[in-house]
Amino acid sequence: MRVQEQARPAPAGGPRIPVRVFSGIQPTGVVHIGNYVGAIRQWAQLQREFESYFCIVDLHAITGPYDVAEFPQRVLDAAAANVAAGIDPNQSVLFVQSHVPEHCELMWLLNVLTPVGQLERMTQYKERSRRAKTGVMAGLLNYPVLQAADVLLYKAKLVPVGEDQVQHVELMRDIAERFNKQFGETFPLPEARLTKGARIMALNDPAAKMSKSVPGSYIALVEDPESIRKKVRAAVTDPGPPKKGSKLDDASPGVANLFTLLEVFAPQGYAEFAEAYHNGAIRYSEMKQALADAIVETFAPVRDRYAQLVQRPDEIRDILAGGARRARPVAQTTMEEVRKEMGLR
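Numbering (my numbering), first residue to last: 4 to 348.
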C-alpha cells in the first residue's frame, strides 16, 4: 500500500484541493502530550489545507470497559481539549461519531465484504483479545470495520495515523477495493498519512507507549505546571552521563525519549544537550528542567483556553452539534449511493 508522507498543498490563491481528511480520537480519558505530538498538532495543520473531519469516536470507545455515568463528560472534555489545542471548528468539522448514525449503517454493509479471518489477524485485535478478562466481544472483532466505515463514509483520501494503525488503513483499502469491484467505483482508496513526530513513550517506562490509562506515564495537555515539572524530574534516564563519544542512536530508551520530547518542544536546546551527551558531560537534571520549562510554556495557552471551555459546556455541545449537522449531509449522500449500488433502495 502507498503511505502518504507529504500531502500536496493548496495552490496559492487557488481553491482548496478537494481532498478530504478523516481522523478520530477516543474519549477514554485525559488527552496527553503524546496525543498532541502524534495527532492533534498535525490535524491543526491539515485543517488549513484540506476539508477535514475530526471525530470523537465514542462508538469505538465502548468496545472496552467504560463508566457510563462519566462517559458524556469525557466526550465533552475530549472535544474541549482538541479545540483548546488548535482544532478550529470553523476550519474543520468536529463531531461525535454516534451523532451521525450512518457510521453504523455503513459498517454493517461493509461487514458482508470483510472476511472474519482477516479481522482475526489484525494485530490490535490479537493484543486486546489476549488482555480481555470477560471474553472477546464481537464489537472488538468488528472495530476495524467501523474504522473503515468512518473513513469511507466521507470518501476521505488522507488518514493521519501512527505506525500502529497502518494495518487498519490497509484493511480500509481492501474493503473499498472489494466494494468497488463488486458494486462499482464508489470509494477512493484511503492513504495512511504517517503523523510527523516520533512516537512518544511513557515517562516512567520508556519501553511502553505513553498511555492515559497508566498514571505517571503521561503529561496531560492541561496539567498544572508543578505537576509537569514533577513528572519530568521523575522520568527514567541513566544513573550517570555516558562515555565520551557516545551517540544518541545508542542511547537508552529513557534518554532517547527525553531527547525526542526536547526536539519537539525545545528544538533550540536540542543541539546543546546532544553535544553535551556526545561529550559525556550531560547533566540530566538540567536537561529535564529545560524540557519541563518548554512543555509548561507550550501548553500555557492551551490550559487557559481549556479552562474557559469547560466552564461553558453548552459552547462545546453547540460545536459538536454544528459539526454533526455539517457531517451528516455528506454521510447521507454516500449512503444513498451505497444503497443504490447494493440494490437496497
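Glycine residues also receive a C-beta, built at the ideal position from the N, C-alpha and C atoms. Computed from a predicted model, the values in this text were never measured in an experiment.
Exposure label - residue i; buried when at least 16 CB within 10 Å
i      : result
SER350 : Lying before the first or after the last residue shown, residue 350 is absent from the chain, which here runs from 4 to 348.
ASN2   : The structure shown does not extend to residue 2, since the chain is modelled only from 4 through 348, so no value can be given for it.
GLY120 : exposed
ARG347 : Residue identity differs from the one stated: residue 347 is Leu in this sequence, not Arg. Looking at its Cβ environment, which holds fewer than 16 other Cβ atoms inside 10 Å, LEU347 is exposed.
ARG196 : buried
PRO21  : exposed
GLU180 : exposed
GLU130 : exposed
GLN168 : buried
ARG77  : buried
ALA284 : exposed
GLU194 : buried
ARG133 : exposed
ALA15  : Low per-residue confidence applies at ALA15: pLDDT is 42, beneath 50, and the placement is therefore not dependable, though the value from the model is reported in the following sentence. When all chains shown are included, ALA15 counts as exposed.
LYS246 : exposed
Short Cβ contact (8 Å threshold) for residue i with residue j
i      : j      : result
GLY239 : LEU264 : Gly is not the amino acid found at residue 239; the sequence shown has Val there. No.
ILE322 : LEU109 : no
GLY41  : GLY165 : yes
THR117 : VAL148 : yes
ALA87  : TYR287 : no
MET215 : VAL33  : Position check: residue 215 holds Lys in this sequence, whereas Met was assumed. Going by C-beta atoms, LYS215 is nearer than 8 Å to VAL33.
Beta-carbon proximity list for residue i, same chain, < 8 Å, skipping 5 on both sides
i      : result
ALA210 : MET204 and PRO256
ILE90  : ILE43, TRP46, ALA47, GLN50, PHE57 and LEU97
GLU339 : ARG348
ASP208 : VAL217, SER220 and VAL239
Contact set for residue i: own chain, Cβ-Cβ below 6 Å, skip 5 residues either direction
i      : result
ALA151 : LEU113, MET175 and ILE178
GLN94  : GLN50
ILE36  : ILE222
GLU54  : ARG23
7 Å Cβ shell around residue i - same chain, five flanking residues per side excluded
i      : result
GLN170 : MET125 and THR126
ALA83  : TYR309, LEU312, VAL313 and ILE319
ARG342 : ARG348
GLY17  : Bear in mind that the predicted position of GLY17 carries a pLDDT of just 42, short of 50, making it unreliable; the figure below should be weighed with that in mind. Closer than 7 Å at Cβ, skipping near neighbours: no residue.
#### Entry: Inside the region 79–143 only - alpha helix (DSSP H) runs reaching at least 4 residues
Counting whole runs of 4 or more residues, the region 79–143 contains the alpha helix (DSSP H) stretches 105–114, 119–123 and 126–134.
### Task
Report yes or no: do the region 322–339 and the region 263–283 share at least 3 C-beta pairs separated by less than 8 Å?
Contact fails: fewer than three Cβ-Cβ distances are below 8 Å.
### Query
Counting Cβ pairs closer than 8 Å, one from the region 182–189 and one from the region 140–150, do we hit at least three?
Counting Cβ pairs under 8 Å, fewer than three are found: no touch.
### Task
Jot down the residue ranges of each uninterrupted alpha helix (DSSP H) in the region 209–277, minimum 4 residues, whole runs only, in chain order.
Here the runs fully enclosed are 228–236 and 256–268.
### Query
Okay, do the region 58–71 and the region 279–294 touch, 3+ Cβ pairs below 8 Å being the bar?
They do not touch, by the three-pair rule.
### Task
Scan the region 148–181 and note each continuous beta strand (DSSP E) run of 3 residues or more that stays entirely inside, going in chain order.
Whole beta strand (DSSP E) segments, 3+ residues: 161–164.
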